[in-house]
Structures are given as structure tokens and as C-alpha cells.
Amino acid sequence: MMAEQTVAERTITLEVFRYRPEQESEPTFQTYEIPYREDWVVLDALNYIKDSVDGSLTYRWSCRMGVCGSCGMMVNGVPKLTCSTFLKDYYPHPIRIEPLANFPVARDLAIVLDDFMAKLVHVRPWIIRRQEEPLEAGEYRQTPEELDRYKHFSMCINCMLCYAACPIYGLEPEFVGPAAIALAQRYNLDSRDQGGRERMGILSTHEGIWACTLVGECTTVCPAEVDPAGAIQQAKLASALGWLRRVLVPWGNK
Amino acid sequence: MIHRSEPFWWLLFAAGGSAAAVLAPVLILLTGIAAPAGWFPQAFAYEHVRALVSHPVTRLVLFGVIVLSFFHWAHRFRYTLAEGLALKRAWLPVAVVCYAAAIAGTVSAAVVILKL
């Protein structure tokens, strides 16, 4: 008798992953039946639970508009930004919410992101200069064409959905991973940068680009259209051609 | 060693993937469908095909497509075994067996094509 129900009476079921290390050794699922609103996203539903049903539920969020990259979770097994995942796309079926896959869980839906943070720094994603120009020399200038070469790779919001989607990262935790490699490639392609060789030394390893088998799930789930899989392929080609050059012209190594 | 030479195997894999994607459908269409269906009887006449295949350029192209496809297979199969079947501990033997198979395929392809 759905049609006779008023909007306020409609409900949706959320099955939420719970893990409170001080009181349980194994994670459990807790079911919440909450009001259904057509314009609510999953994050709104979690905020409703936190405010009105169960204040102990732990998760991360901030901007609510797909910019901050904090609210990534598994929604029915798929990595999503919960601030841009609408309940109406699942209603009337229940929605299962879990912390991002492939990461250790700190508590409930909050993951431990130390591994990602370490990898991000490891690939040196900043402009490296052999010698910094003096301040009086002005900015390092760049044409719009030079900007276009890397701009899409710079849109990463560090939400880690790509790590949750990547089966290689699941199998090989040492893998540097999609977002970090895409950001490294973003600086490799930047005309102001001179750290390409240094960065490629870090990337051209088994834990770097060569662990990737181009599954492509990173690009599929990316909410910022960064295309990490494309970045890794570009880096592989650059690395392989560099290798070829070193083998064919060993004396040409400047 | 395999890890250090990864760019080499990957280049063969990438080249094999591109060659197979471009040429395999054409070859399958010609030799697998058109010839047995008898679509172009003069073009697929034995003497004609033989003359075509024994031309040095054709031999070179055939050798390239076949060998690169072998290495494409070897690389993909290596990762399928190592990751799909979780044989990570046998990483090195898996790689050696796969690439050795492709090298054996290369040698036999060379023998067959030289005899054409």
C-alpha cells in the first residue's frame, strides 16, 4: 500500500558496519530503519542516525559537496562518496554501508589512512627544482597548453575510493596505488617541475607502476574524473621508453 | 631480475596487445571465415596463398604478430596465475615458465615460418 503512505511515513533500511574495538573483537552489522526522503544522500541518512537514533556511530565527513573527499564508504559493496550517493537510487531496498575496503578500520565507518598518507609523501607530489629561482625572478610561468597536460590529474581530492576499488592494492598492500601515482604523474607532466627522474626512480619499481595490471576500477570509481589508470599507463610507457633508451644508448645517460 | 626487467616484458605485452587488437580480427575474418566459406576462391587458391606467405615481408609480419601475441599471452597469464590464483610466493617460477613458453613459441614460430 505504498501509494497510500504519506511521504513522512516512508522508511528505508540501512545496514551499517559497526566496530567498536573496546567492546567487540569482531565487526557486526547494525540495522537502522529511518525516514526516507527523496532528496537525501547516504550521508544525510547517517547524520540522521547520529543525531536522532544512535550518537555512537562514527564516520568522517565535512563538506557535503564532493570536494573534501572525507566521506568515502562502501555503499552496497561499491566505493562511493556518501555525500553524492542518493537514497532514491536504492529505495526501497536496504542499503549496506561499510568502511572503505582494503584499509584497516579504526572504528565503525572510519578507516586508518596512515598507509595512504605515507605513500602520498613517498612519491614527492610537489614541484621539485634543481635550483630554486630567486624571488625577484618572478613566477614559474606556464602556458594554457602546458597546464592542460596535467590539469585533470591535479583534480584528485584524496578520497581513497580508488584504493578501495583496486584489487591489486587488496592483494599487495605495498603497491603505491592509483591516487599517489596519478599525483606523481601530475608533477611529472608539469612544465615547471624538474623532479621527473627522481620521481620515476620511485615509481618504476614493482611496488610502483609495475604492480598495476590495468584493471581500471580506480578510474571507474573516481568521483573527480582523474583517470588514475590512464596516469599509470602513461607512467609505464615513459618508464619503458626510458629503459629502452638506457639499454640501446647506454652512453647517452646525461 | 624479473622485477628489474619488467619494462621489457611490459613493452612486449603492450606491443602484442596492440598488434593482436589490430590484426587478429582481420586474420580471423580472412583465414577463419572467408577462406572456409569459399568467398574469394581465386584469392585463397593454394598457389596464391603460398606465394603470398613465402614473401619475406609477409613472413616478417606473421612472425611479428605471432611472437608478440605469445608474449602478450605470457605476461597476462603470468599475472592471472600470480594474482588470480594467488600464487604470489611462486612469483619467479611463474614468470620464468610463462616467458619460457613464449620464447619456445617464438622459436617454433621461426622454424615454421622459415620452412614456408
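Note that the protein sequences, when read in sequence, are chains A and B. For what it's worth, the numbering used here labels the leading residue of the first sequence as 2, then goes sequentially. For what it's worth, the numbering used here labels the leading residue of the second sequence as 66, then goes sequentially. Glycine is no exception: its CB is placed at the ideal position from the N, C-alpha and C atoms. All of these numbers come straight from a predicted model, not from anything done at the bench.
Item, Value
"Closer than 8 Å to chain A by CB, B:L125", "no"
"Chain-ordered chain A contacts of B:F142 [CB-CB under 7 Å]", "The premise fails here: B:F142 is roughly 12 Å from chain A at the closest Cβ pair, so nothing lies under 7 Å."
"Buried or exposed (CB count within 10 angstroms, at least 16 for buried), A:R131", "exposed"
"Own chain partners of A:V68 with C-beta closer than 8 Å, once the 5 adjacent residues on each side are dropped", "I158"
"Cβ-Cβ distance between A:E199 and A:R125 below 8 Å", "yes"
"Bridge-paired residues (DSSP) for A:Y33", "A:L15"
"A:W127 at chain B interface by Cβ criterion, 8 Å", "no"
"Alpha carbon of A:W244 to alpha carbon of A:M161, nearest angstrom", "31 Å"
"Interface flag, A:T214 vs chain B, CB-CB below 8 Å", "yes"
"Among A:D194, A:Q186, A:L82, A:Y92, nearest to A:E134 - alpha-carbon criterion", "A:D194"
"Closest residue to A:L148 among A:L44, A:F30, A:T29, A:N189 (Cα-Cα distance)", "A:N189"
"Selection from A:V42, A:E34, A:I203, A:P174 that minimises the alpha carbon distance to A:S53", "A:E34"
"Cβ distance (whole Å) where A:A232 is taken to contact A:A183 below 8 Å", "4 Å"
"Check whether A:V227 and A:M156 have beta carbons under 8 Å apart", "yes"
"Classification of B:C163 by the beta-carbon crowding that lies within 10 angstroms, buried from 16 upward", "buried"
"Per-residue DSSP class, three states only, for A:M2", "Confidence at A:M2 is low in this model, with a pLDDT of 48, below 50, so the placement of that residue is unreliable and no value is reported for it."
"Contact set for A:M2: own chain, Cβ-Cβ below 7 Å, skip 5 residues either direction", "Note on A:M2: pLDDT 48, under 50, position unreliable in the model; no value is reported."
"Spatially closest choice to A:R108 from A:S85, A:G139, A:R61, by CA coordinates", "A:R61"
"Proximity to A:P36 [Cα-Cα], best of A:T12, A:L44, A:S85", "A:T12"
"From A:C64, A:T206, A:P179, A:Y151, residue whose alpha carbon lies closest to that of A:C163", "A:P179"
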